[in-house]
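Its first residue numbered 1, the first sequence is counted upward by one per residue in the numbering used here. By construction, the Cβ of each residue, glycine as well, lies at the ideal position given by its N, Cα and C atoms. Every value quoted in this text rests on a predicted model; they were computed, and no experiment measured them. Report on one structure; see the data block that follows.
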Amino acid sequence: MTKQYWLVKSEPEAYSWADLVTEKETDWTGVRNYQARLHLNAMRKGDRVFFYESVSTKAVVGISEVTETATEDKTADKLGWVSVKLKAVKALSQPVTLARVKEEESLANVALIRQSRLSVMPLSKDEFTHIVNLGKKGA
DNA sequence: GCCAACGTTGGC
DNA sequence: GCCAACGTTGGC
Numbered sequence: 001m002t003k004q005y006w007l008v009k010s011e012p013e014a015y016s017w018a019d020l021v022t023e024k025e026t027d028w029t030g031v032r033n034y035q036a037r038l039h040l041n042a043m044r045k046g047d048r049v050f051f052y053e054s055v056s057t058k059a060v061v062g063i064s065e066v067t068e069t070a071t072e073d074k075t076a077d078k079l080g081w082v083s084v085k086l087k088a089v090k091a092l093s094q095p096v097t098l099a100r101v102k103e104e105e106s107l108a109n110v111a112l113i114r115q116s117r118l119s120v121m122p123l124s125k126d127e128f129t130h131i132v133n134l135g136k137k138g139a
């Protein structure tokens with residue numbers, strides 16, 4: 001299967017990109033939204049996942065990779081919720097802020113903007129590449 | 001099954 | 001800290 005691209009959100013006060021870098025790998029638990037769960041279930045090993053920090057940072061800060069597909073989320077009090085395993089790949093040279101994403105006409109349709117409360121969302125390859133480029137030094 | 005009330009998320 | 005948007009719950 002061809003590689004897919006995603007974005008997950010986290011409040012850095014709860015779990016930050018720096019935390020993932022320190023841990024190297026983590027179980028992405030705590031998703032309690034049906035739409036987000038659909039996306040978690042669709043993730044495949046090797047898919048690239050943007051790490052977006054909400055609230056205080058409001059920027060895409062790093063790239064991670066799916067290392068294990070969805071399994072039962074053991075932190076949930078009911079069965080049926082899932083988590084995936086993510087590992088840190090690399091930080092963006094410069095964070096791509098929400099404001100920056102909003103400036104880009106070709107990124108106007110990303111769920112990050114259109115559905116601000118969704119915490120796990122898909123991105124097209126073009127959208128992913130575009131944001132990666134914005135995150136390069138001097139972009 | 002509808003809708004009001006409420007809680008949560010997240011931008012500003 | 002405020003508020004809009006959204007999801008969930010519960011009464012009818």
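Confirm, please, whether the CB-CB distance from Val8 to Ala88 is below 8 Å.
-> no
Measure the alpha-carbon distance for Ile131 versus Lys24 and round it to whole angstroms.
-> 22 Å
Nearest-angstrom Cα separation, counted from Val120 out to Lys74 | 18 Å
Put Tyr52 into one of helix, strand or coil per three-state DSSP.
-> strand
Put Lys102 into one of helix, strand or coil per three-state DSSP.
-> helix
Considering only the beta carbon of each residue, do Lys45 and Leu98 sit closer than 8 Å?
-> no
Can you list, in chain order, the residues of its chain whose CB lies under 6 Å from that of Val101, leaving out five sequence neighbours each side?
-> Leu107
Along the alpha helix (DSSP H) that carries Thr129, what are the first and last residues, could you check?
-> DSSP places Thr129 in the uninterrupted alpha helix (DSSP H) bounded by Lys125 to Leu134.
For the putative contact between Leu123 and Val110, defined by C-beta atoms under 8 Å, what is the C-beta separation to the nearest angstrom?
-> Right, the Cβ-Cβ distance comes to about 6 Å (below 8 Å), so this counts as a contact.
Using DSSP bridges, identify the partner residues of Asp27.
-> Lys85
Burial state of Gly80 (16 or more Cβ within 10 Å) = exposed
Can you tell me where the alpha helix (DSSP H) with Leu40 in it begins and where it stops?
-> Tyr34 to Ala42
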